[in-house]
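Position 270 of the sequence shown, counting from 1, maps to 255 under the working numbering, and the rest follow consecutively.
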Amino acid sequence: MNFKSISFYLSLFCFPISILAFINILYASYFDYFLSINSYFVTLTVSLILGFLFYFFGKSGTKKINFIDQLILIILVYFLTGFLMSIPFYLSNFEVTFISALFEAISGLTSTGFSTFKSIKYLDPTLILWRSSSQWIGGLFFLIFLILLFSNKTFNYKMTNLTFSGDSNFKSEESIKNSILRIFIIYSFLSFLILVLLSISEIRLFNSLNLAMTLISNGGFLPSDSLNEIINSNFQKIILALSLTFSLLNFYLIFNIFNKKILLHQHKEDFYLLFLAFILIILIYFNNFDGLNVIISVISSLANSGITLLKTENNLSLYFLLITIIGGSLISNSSGIKMSRFYILLKITASEIIKLISPNSVINKTIFNTDNKITDENVRISFLIFISFFLSLFILSSLLVFDDIGFERSFKLSILALTNTVNSEMYSLQSINFANLLTSSKISLILFMIIGKIELISILLIFKKILFKD
-14 MNFKSISFYL SLFCFPISIL AFINILYASY FDYFLSINSY FVTLTVSLIL GFLFYFFGKS
46 GTKKINFIDQ LILIILVYFL TGFLMSIPFY LSNFEVTFIS ALFEAISGLT STGFSTFKSI
106 KYLDPTLILW RSSSQWIGGL FFLIFLILLF SNKTFNYKMT NLTFSGDSNF KSEESIKNSI
166 LRIFIIYSFL SFLILVLLSI SEIRLFNSLN LAMTLISNGG FLPSDSLNEI INSNFQKIIL
226 ALSLTFSLLN FYLIFNIFNK KILLHQHKED FYLLFLAFIL IILIYFNNFD GLNVIISVIS
286 SLANSGITLL KTENNLSLYF LLITIIGGSL ISNSSGIKMS RFYILLKITA SEIIKLISPN
346 SVINKTIFNT DNKITDENVR ISFLIFISFF LSLFILSSLL VFDDIGFERS FKLSILALTN
406 TVNSEMYSLQ SINFANLLTS SKISLILFMI IGKIELISIL LIFKKILFKD
């Protein structure tokens, strides 16, 4: 393992936390929230010290690291930034244990939304802003991982090459910087666009800001106890559905619009996703639910956000859970198995059936009818992701069942943890009190929230490297 190089890159992820802490210090000073300001000074100090220590230790190391070291780096980034983001929670006046504080931070960084706080309205506004910013920065980090690291052609289990037309061969430090800058600009632009749309719909600015950071990252943290307290009018519901759609689709869709590229050719996955959402909305609408609430819930499930305006009486929790498993675009913050992988498995299965019926048939093996062909490797990876997801589901639900929440809720909660989706009323799980869970359950959820982001295959590759050294 290349410790110096990993240390150098770890330092780069400390400094954004310092910036967030500094922003919260300014916010607390401006609005006179001095009771909480010390926790952000501690976070700023610790993140800067750790950042510089890692930087000076690793600056002499080589900047090029192999894929396994990159995976280890990603896992360490989640735990290191999770520790830094947990400091304000731990030092708050709400008597939060360290494990609960880390649980809250990792839940934000993975854009999951599980929370140990039962009543958000009693939280300090700076802490609410900190929760939301943990999602925002976590979403940004993951997109950087997705484009720079998971586009590796040797271990292409994310299959980003199927829907990403950019250059994934980052051979120079300059090209890496340019790519990170481009990701940051697009991500910030979309965040600002959602903020403007929410503000135009007459949502309070503080709520708009926090909600924008939640929506762009497909997160589940809200600035209030219920989304119904923020979203009231039909126009606000339309803006919410539109904002959720931004985060559901390919991250580079907006970028390609400004580049005036042929969207139909490069973003067919997005059109398939929108068509699937339309079909699901039509199917569920006949259960006599409010149309806009249905649209929001379906898109929210597909985007793996989970926020909803529906109540627990909808009796469709299992239906929405199945939608969350499908996930969204390959190049997005959504988790789950992903639409493209389902498409590949279904198309290959249909092709094999056609071969049995008519052996002389010509089989179309294109992905979304584009120039990209479905290779044997694509099929193997899709099947492996499918198996690893349900293996993770079995392991996590087996661990959670020892807690006093019952088998059904353990199973549902495991699905949501692996798809990084909040336990909202849509899934009839909003009554779970995470603060009262066993420490073992919290640790299990922390680990599998991270696995839900990076895939179980990442962990297996690391173990393979350790156990079977070349």
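Cβ atoms here follow ideal geometry from the backbone N, Cα and C, with glycine treated the same way.
Rounded separation between residue i and residue j - CA only
i    : j      : result
S45  : F(-12) : 11 Å
K48  : L(-5)  : 12 Å
N354 : K143   : 20 Å
I390 : G43    : 45 Å
I359 : L331   : 12 Å
S153 : I171   : Note that S153 has pLDDT 48, beneath the 50 cutoff, so the model's placement of it is unreliable and the number below is only indicative. So the two alpha carbons sit approximately 17 Å from each other.
T101 : R189   : 25 Å
I122 : L341   : 50 Å
I370 : F433   : 15 Å
F177 : I451   : 43 Å
I2   : Q120   : 12 Å
I50  : I(-9)  : 8 Å
F368 : F243   : 36 Å
Residues of its chain near residue i, where Cβ-Cβ distance is below 8 Å and the 5 sequence neighbours each way are ignored
i     : result
N213  : L294
I105  : I113, L207, P208, S209 and D210
F(-2) : V62, L65, T66 and F126
L261  : L287, I311 and M324
Y18   : Y12, D109, P110 and T111
I10   : I22, Y25, F26 and L29
G291  : G98, G205, S285, T309, L401, T406, V407, N408, S409, M411 and Y412
Buried or exposed (CB count within 10 angstroms, at least 16 for buried), residue i
i    : result
I201 : buried
S286 : buried
F448 : exposed
F68  : buried
L175 : buried
E337 : exposed
G276 : exposed
A335 : exposed
F453 : exposed
K438 : buried
E187 : exposed
L376 : exposed
L303 : exposed
T199 : buried
Contacting residues, own chain, Cβ-Cβ under 7 Å from residue i (five flanking each side not counted)
i    : result
K321 : The residue asked about is misnamed: residue 321 is Gly in this sequence, not Lys. Same-chain partners within the cutoff: N289, T309, I310, I311, G312 and T404.
I431 : L87, F88 and I91
T148 : N235, E254, S314, L315, I316 and S325
F52  : N137, T139 and F140
Proximity test, residue i beta-carbon vs the ligand COA heavy atom, cut-off 7 Å
i    : result
G276 : Judged by which ligands are present, the structure shown has none, so any question about the ligand COA falls away.
Helix, strand or coil at residue i according to DSSP, with G and I counted as helix
i      : result
K253   : helix
T351   : strand
K358   : strand
T95    : coil
P208   : coil
S429   : helix
M198   : helix
F155   : Note that F155 scores a pLDDT of 45, beneath 50, so its modelled location is shaky; the value from the coordinates is reported in the next line. Three-state result, F155: coil.
I342   : helix
E80    : coil
A288   : coil
M(-14) : coil
L422   : coil
D388   : coil
T30    : helix
K449   : helix
T139   : coil
R189   : coil
L234   : coil
G456   : Outside the displayed range of the chain (-14 to 455) lies residue 456, so it cannot be described from this structure.
Q55    : helix
Y75    : helix
Sequence-distant residues of its chain with Cβ nearer than 6 Å to residue i (five each side left out)
i    : result
F374 : I322
E426 : At residue 426 the sequence reads Ser, which differs from the Glu that was named. So the list reads L385 and D388, once near-sequence residues are dropped.
F74  : V81, A86 and E89
L467 : Limits of the chain in this structure are -14 at one end and 455 at the other, which puts residue 467 out of reach.
I84  : T424 and K427
C-beta neighbour in chain D for residue i, strict 8 Å
i    : result
S117 : Of the protein chains in the structure, only one exists, and it is not chain D.
### Task
Could you tell me whether the stretch 168 to 185 touches the stretch 218 to 228, where touching means 3 or more Cβ pairs closer than 8 Å?
Yes, the stretch 168 to 185 is in contact with the stretch 218 to 228.
### Query
Is the stretch 51 to 69 in contact with the stretch 436 to 448, if contact means three or more CB pairs nearer than 8 Å?
yes
### Query
With contact counted as at least three CB pairs below 8 Å, one residue from each stretch, are the stretch 274 to 281 and the stretch 399 to 419 in contact?
no
### Segment contact, 8 Å Cβ cut-off, at least three pairs: the stretch 190 to 199 with the stretch 163 to 170
no
### Task
Assess, as a yes-or-no matter, whether the stretch 28 to 39 is touched by the stretch 0 to 12 under the definition of 3 or more beta carbon pairs within less than 8 Å.
yes
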